Amino acid sequence: MTTDMNLVSITGFVTKDLLSTIKFLYYTSRAVKSAQIAEGNISSTTFKDADIFMTLTVWQDKESMRKFYLGGEHREAMRQTKPLGLYAKVHSYLTDEVPTTEEAIKIWRNDGRIVHGEPDPKYGDEIVSDEDVSTE
């Protein structure tokens, strides 16, 4: 028996200030609406964990997500990462189960890749100091 694997994408974003948050919500709402009607999208959810704005999208396959990712609304939202954000981290993976928001937060913290900002233990990042790096 074969199981269909879906692509899950989890993004977490921390805004700079109130004005950045307002602008971010504008761009994100447009991108999420676009995702919800995109071919191959199974679900699109937004939620907040402390100061982290998060999106959880589930796609039938990588190609469907790629088409959306390169599309207009998402591309425009991505252009706002540096101007509006302090920190952004993403993680995508194949699975046959859609994570709950609690599971998504844990997966994002443990497995996410920073795309903007500096590592911060507050967001699950490990800080490696020069003293921790062995030269042997």
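Counted from 1, the sequence shown has number 1264 at position 18 by the working numbering; the numbering is strictly sequential. Note that the Cβ used here is the ideal one computed from N, Cα and C, for glycine as well. No experiment lies behind these values; they were computed from the predicted model shown.
Cα-Cα, which of the options is closest to residue i?
i        : options                                   : result
Phe-1259 : Tyr-1339, Ile-1373, Leu-1316 and Thr-1292 : Thr-1292
Pro-1365 : Asp-1295, Gln-1326 and Tyr-1333           : Tyr-1333
Gly-1318 : Lys-1262, Ile-1268, Lys-1279 and Lys-1269 : Lys-1279
Ser-1289 : His-1362, His-1337, Ser-1375 and Val-1304 : Val-1304
Ser-1338 : Pro-1329, Leu-1271, Val-1361 and Ser-1375 : Val-1361
Gly-1281 : Thr-1261, Leu-1316, Lys-1262 and Lys-1269 : Correcting the residue identity first, residue 1281 is Ala in this sequence and not Gly. The shortest C-alpha separation from Ala-1281 is found at Leu-1316.
Is residue i buried or exposed, if buried means 16 or more other CB atoms sit within 10 Å of its CB?
i        : result
Lys-1335 : buried
Ala-1323 : buried
Leu-1265 : exposed
Leu-1340 : exposed
Asn-1356 : exposed
Val-1254 : buried
Tyr-1369 : buried
Ala-1284 : buried
Thr-1346 : exposed
In three-state terms, what does DSSP make of residue i?
i        : result
Thr-1248 : Any answer about Thr-1248 is weak, because its pLDDT of 46 lies below 50 and its placement is not dependable; what the coordinates show is given next. In the structure shown, Thr-1248 sits in coil (DSSP, three-state: anything other than H, G, I, E or B).
Leu-1265 : helix
Ile-1353 : helix
Thr-1347 : helix
Provide the residue span of the beta strand (DSSP E) that contains residue i, from first to last.
i        : result
Val-1361 : 1359-1362
Of all the alpha helix (DSSP H) runs that stay within the bounds of the region 1262-1331, which reach a length of 4 or more residues?
-> DSSP runs (the alpha helix (DSSP H)) wholly in the region 1262-1331: 1264-1282, 1308-1315, 1318-1324 and 1327-1330.
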